[in-house]
Every structure is written in structure tokens, then in C-alpha cells.
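*Asks:*
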Amino acid sequence: MAIVLCHPELAVRERWATALVEITTELYYATSTYELVSAVRSTKSTLALVHTSCIRADGAAELIRLYPFCRVIALADKPDDQEGLYYLKAGAVGYTNTYTSPDRLRQAVTVAEAGSVWVGQSLLSKLITGMTGTIEKDASVLAGLTDREAELANLIAEGKSNKQIASQLDITERTVKAHLNAIYRKTNTKGRLPLALLVNSA
């Protein structure tokens with residue numbers, strides 16, 4: 000598991016690295032948006048922990064569009080639900096405190112790598128409430144999916160992780176990710192939560 004740690008301060012990057020060394024030694028560092036993009040591109044990292052001062056939500060969306068193999072967890076010194084919504088709607092798979100405990104940081108990374116989303120309960124509730132009202136309740140949006148893609152979309156709506164889906168369908172996690180990228184493109188969704196809400200509202 001290759002992870003990019005992006006924060007302008009060395010002390011914070013080292014704090015994150017110390018917490019994560021138990022689960023991976025393949026860590027790369029960045030201090031700016033430019034370095035972040037360069038690191039993701041050159042190392043093919045599958046996860047990036049990014050401080051909100053280094054990249055805005057729209058920048059995160061562009062990073063995810065260019066490098067769909069890389070998941071993004073945004074970290075803020077003073078987490079705010081509204082800001083968290085922006086990042087999650089942009090496609091981030093997590094939003095948490097910059098100084099969260101080492102155990103919780105490892106949990107966030109493990110959850111993200113498994114294909115799930117890491118957020119606080121209040122933010123999750125706001126995200127679901129806010130997006131339910133904007134999702135088009137039209138089954139035709141899903142009609143363009145292949146049978147396999149529709150099957151995956153339904154499993155996502157059930158809350159299954161990539162690992163669970165791969166096991167259930169007897170395919171690799173890499174294949175699951177490839178299908179999900181195609182599903183996101185066809186349904187014009189930017190992540191698991193928007194897709195799940197779309198499926199459940201159709």
C-alpha cells in the first residue's frame with residue numbers, strides 16, 4: 000500500500016508517518032498541490048492524506064479524475080461539516096481532524112483502502128440528507144449499466160466494501176475498481192455515497 004502524505008509542515012507529516020508505519024512503509028511526502036500530483040503520478044499511490052490547505056475540494060475532484068486509482072482523505076485542523084461535504088461530494092473517501100489519534104488515523108486508512116468511507120456520524124447524516132434531495136429519482140440513469148455493473152452498484156448501495164464485493168463475485172479488487180470507475184462515469188456520480196443514494200432512490 001503506497002500512501003502520499005501532503006502537509007506543509009514536516010512535524011505533521013512525521014506524525015502521520017509514525018502512525019501509519021505499522022501498516023505500510025511505502026510512504027511518500029508532499030508539501031503542495033504540485034508535489035502531491037507529482038507524487039501520485041510517479042508512485043502510483045493508492046491513497047493520499049491531504050491537508051485542506053494543500054488542495055481545495057475542486058482540486059481534489061480533479062486529482063481523482065486524473066488518477067482514479069488514488070483515493071483521497073482530506074484532513075482539517077478544525078473540521079467543519081460543510082467543508083467536509085464539499086470534499087466528499089468531490090469524491091474524497093474521508094474527512095477527519097489533522098491531529099486525530101494514531102489509532103483513528105490507521106482506522107481511516109484501513110477503511111479507505113477497503114473501499115469504504117471514513118467520516119463522522121453528523122457529517123454522514125448531513126451528506127445523505129443533502130444529497131437525497133438533489134438526486135434524480137430516475138431508473139433510466141442506471142439503465143446504461145451492464146448486468147455486472149448493475150450488480151456492483153447494488154452491492155455498493157448495500158454498503159459492501161471493495162474487498163467484500165470481490166469475494167462475493169469471485170473477482171479481484173482491481174476488477175471491482177475498474178467496474179466502479181465505469182459506473183461512476185456512466186451515472187455521473189463521484190463516489191460511493193452518491194452512487195448508493197442514486198441506486199436506493201431509483
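Under numbering that gives the first Met the number 0, the first residue of the sequence shown carries the number 0, and numbering increases by one thereafter.
Here a beta-carbon is modelled for each residue, glycine too, at the ideal position from N, C-alpha and C.
Considering only the beta carbon of each residue, do valine 108 and leucine 46 sit closer than 8 Å?
*Replies:* For the purposes of this step, residue 108 is taken as the residue at position 109 of the sequence shown. For the purposes of this step, residue 46 is taken as the residue at position 47 of the sequence shown. Yes, they are a contact pair.
*Asks:* If we ignore side chains and look at the alpha-carbon of each, how far apart do leucine 104 and arginine 147 end up?
*Replies:* Position 105 of the sequence shown, counting from 1, holds the residue named residue 104. Position 148 of the sequence shown, counting from 1, holds the residue named residue 147. Those two C-alpha atoms are separated by around 34 Å.
*Asks:* Please return the same chain residues whose Cβ sits closer than 6 Å to the Cβ of threonine 30, not counting the five positions on each side in sequence.
*Replies:* For the purposes of this step, residue 30 is taken as residue 31 along the sequence shown, with counting starting at 1. For threonine 30, where only same-chain residues beyond five positions count, the Cβ hits under 6 Å are Pro7.
*Asks:* Taking threonine 23 as part of the alpha helix (DSSP H), name the residues at either end of that continuous run.
*Replies:* Taking the sequence shown and counting its residues from 1, one reaches residue 23 at position 24. Per DSSP, threonine 23 belongs to no alpha helix (DSSP H) and is neither H nor E.
*Asks:* From the DSSP output, read off the bridge partner residues of asparagine 96.
*Replies:* Indexing the sequence shown from 1 puts residue 96 at position 97. Ala75, per the DSSP bridge assignment.
*Asks:* Closest by CA to glutamate 157, which one among Ser37, Arg184, Arg191 and Tyr183?
*Replies:* Taking the sequence shown and counting its residues from 1, the one referred to as residue 157 is at position 158. Closest by alpha carbon: Arg191.
*Asks:* Assuming leucine 74 contacts valine 49 under a Cβ cut-off of 8 Å, what Cβ separation, rounded to an integer in Å, is found between them?
*Replies:* Residue numbering aside, residue 74 sits at position 75 when the sequence shown is read from its first letter. Residue numbering aside, residue 49 sits at position 50 when the sequence shown is read from its first letter. Rounded, the Cβ-Cβ distance is 7 Å, consistent with contact.
*Asks:* Using CA coordinates, which residue listed in Leu122, Ser115, Gly114 and Lys88 is at the minimum distance from asparagine 96?
*Replies:* Position 97 of the sequence shown, counting from 1, holds the residue named residue 96. Looking at the Cα atoms, Leu122 is the closest of the given residues.
*Asks:* Please state whether DSSP places isoleucine 182 in a helix, a strand or coil.
*Replies:* Along the sequence shown, read from residue 1 onward, the residue named residue 182 stands at position 183. The answer is helix: DSSP assigns isoleucine 182 an H, G or I state.
*Asks:* Alanine 3 lies in the alpha helix (DSSP H); which residues open and close that run?
*Replies:* Sequence index remark: in the sequence shown, residue 3 carries index 4 (1-based). According to the sequence provided, residue 3 is valine. The question's alanine does not apply to it. Unbroken run through valine 3 is the beta strand (DSSP E), 2–5; no alpha helix (DSSP H).
*Asks:* In the DSSP assignment, what residue or residues form a beta bridge with alanine 18?
*Replies:* Here residue 18 is taken as the residue at index 19 of the sequence shown, counted from 1. DSSP lists no partner for alanine 18.
*Asks:* Here's the rule I'm using: 16 or more other beta-carbon atoms within 10 Å means buried, otherwise exposed. How should alanine 10 be labelled?
*Replies:* Counted from its first residue, the sequence shown places residue 10 at position 11. Classification for alanine 10: exposed.
*Asks:* For arginine 70, which residues does DSSP report across the bridge?
*Replies:* Counting from 1 along the sequence shown, the entry for residue 70 is found at position 71. DSSP output for arginine 70 lists Leu46 as bridge partner(s).
*Asks:* Rounded to a whole number of angstroms, what is the C-alpha to C-alpha distance between threonine 145 and lysine 77?
*Replies:* In the sequence shown, counting from the first residue as 1, residue 145 sits at position 146. In the sequence shown, counting from the first residue as 1, residue 77 sits at position 78. Taking the straight line joining both Cα atoms gives about 42 Å.
*Asks:* Can you tell me which residues form a DSSP beta bridge with alanine 29?
*Replies:* Within the sequence shown, residue 29 is the residue found at index 30, counting from 1. Alanine 29 pairs with Cys5.
*Asks:* Suppose contacts are defined by Cβ-Cβ distances below 8 Å. Is alanine 59 in contact with alanine 38 by that definition?
*Replies:* By one-based count along the sequence shown, residue 59 stands at place 60. By one-based count along the sequence shown, residue 38 stands at place 39. Result no, Cβ atoms of alanine 59 and alanine 38 do not sit closer than 8 Å.
*Asks:* Could you compute how far the alpha carbon of serine 41 sits from the alpha carbon of alanine 152?
*Replies:* Counting from 1 along the sequence shown, the entry for residue 41 is found at position 42. Counting from 1 along the sequence shown, the entry for residue 152 is found at position 153. Distance between the alpha carbons of serine 41 and alanine 152 is about 31 Å.
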